[in-house]
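Reading through the structure tokens given below for one structure.
In this note's numbering, the protein residues as written are 128 to 212.
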């Protein structure tokens, strides 16, 4: 909650898109989209938005998770606040 202003139950199961806004780099978003479309891990630094509308920079890692049969079934996303690139 401290980083984004959202409570845990507000973000669990939601896409990281809830943190994007007008100043989030469209090229980075296209990179995310392409990686997800091909079930590939991806890392980008982007400007995100808190619940109150203020911005912050994060490094985001997104990776597909395999089930016991080797099928990709879920995604995990981790974001770490960082300094402006």
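By construction, the Cβ of each residue, glycine as well, lies at the ideal position given by its N, Cα and C atoms.
Review point. For residue 210 versus residue 176, is the C-beta spacing smaller than 8 Å?
Key: no
Exercise for review: Decide if the segment 163–176 is in contact with the segment 185–203; the criterion is three or more beta carbon pairs, one per stretch, under 8 Å apart.
Suggested key: yes
Point to revise | Counterpart residues of residue 192 in DSSP-defined beta bridges | key: 201
Check your understanding: What separation, rounded to the nearest whole angstrom, lies between the Cα atoms of residue 183 and residue 149?
Key -> 13 Å
Review point. So, residue 200 versus residue 174, is the Cβ gap smaller than 8 Å?
Key: no
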